[in-house]
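In this note's numbering, the protein residues as written are 3 to 184.
By construction, the Cβ of each residue, glycine as well, lies at the ideal position given by its N, Cα and C atoms.
One structure is given below, encoded as structure tokens.
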């Protein structure tokens with residue numbers, strides 16, 4: 003596959019993610035739709051985490067059936083644990099988010115920041131998916147496999163960082179209350 007084709011696919015995925023978030027702008031602005039939009043985003047992220055975790059578990063099972071050095075399997079075990087932890091943390095919205103959900107009006111800056119983080123989360127999910135599906139189903143036997151296995155940690159770490167950022171944005175004291183609400 004050419005670099006141009008990869009770039010075009012990445013651009014298309016970015017536009018698809020952006021299109022997914024367009025209804026979110028209106029929904030986050032409307033106090034009656036905010037919780038539903040947050041739930042929709044959380045469900046999408048949870049589905050992505052579950053798909054990646056399922057793939058990691060399949061690989062782990064396949065590799066364990068053969069006589070594979072445990073060093074090769076440990077990154078998969080760690081990834082499974084981290085993805086399970088993220089899914090558990092994501093299942094519930096941070097308790098401090100009531101300001102966000104109950105504010106009669108939010109400024110564009112606050113909504114923009116939420117959407118920025120949501121876009122990063124969608125990109126993180128795609129990166130994670132590409133990484134776990136690039137891993138071979140047969141046990142690793144070649145040089146460089148450790149680096150490939152270790153590469154799972156980067157998208158999981160990014161996802162974790164952006165989820166913390168999102169909870170921080172949702173949970174902050176309402177610094178961006180729209181002037182019309184004051």
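Minimum C-alpha distance to residue i - residue among the options
i           : options            : result
residue 107 : 14, 33, 19, 18     : 33
residue 188 : 102, 148, 97       : Because the chain here runs from 3 to 184, residue 188 falls outside it and cannot be looked at.
residue 174 : 98, 159, 131, 105  : 98
residue 1   : 139, 168, 127      : Nothing about residue 1 can be reported from this structure: the residues present for the chain run from 3 to 184 only.
residue 12  : 132, 167, 136, 155 : 132
residue 41  : 63, 86, 69, 95     : 95
residue 83  : 163, 158, 171      : 158
residue 21  : 64, 170, 121       : 121
residue 134 : 50, 46, 172        : 50
residue 150 : 43, 76, 46, 112    : 76
residue 154 : 47, 85, 35, 14     : 85
residue 172 : 14, 10, 44         : 44
Outcome for residue i when other beta-carbon atoms lying within 10 angstroms are tallied against a minimum of 16
i           : result
residue 61  : buried
residue 124 : buried
residue 81  : buried
residue 104 : exposed
residue 183 : Confidence in residue 183 is poor, its pLDDT being 49 and thus under 50, which makes the residue's placement too unreliable to answer from.
residue 87  : exposed
residue 93  : exposed
residue 170 : exposed
Alpha-carbon to alpha-carbon, residue j and residue i
i           : j           : result
residue 23  : residue 16  : 11 Å
residue 52  : residue 90  : 11 Å
residue 2   : residue 54  : Outside the modelled stretch of the chain, which goes from 3 to 184, sits residue 2, for which no answer is possible.
residue 71  : residue 160 : 28 Å
residue 116 : residue 67  : 44 Å
residue 28  : residue 156 : 32 Å
residue 119 : residue 110 : 14 Å
residue 74  : residue 152 : 10 Å
residue 31  : residue 78  : 40 Å
residue 165 : residue 145 : 34 Å
residue 138 : residue 69  : 16 Å
residue 168 : residue 57  : 26 Å
residue 64  : residue 147 : 16 Å
residue 181 : residue 141 : Caution applies to residue 181, whose pLDDT of 48 falls short of 50 and renders its modelled position unreliable; the model cannot decide the point.
residue 14  : residue 46  : 18 Å
Heavy atom of the ligand SAH within 8 Å of residue i beta-carbon
i           : result
residue 145 : Absence of the ligand SAH is noted for the structure shown, with no ligands found whatsoever.
Identify every run of the alpha helix (DSSP H) within the segment 41–107, keeping only runs that are complete inside it and at least 4 residues long; order them along the chain. Segments of the alpha helix (DSSP H) lying fully in the segment 41–107: 72–93, 100–104.
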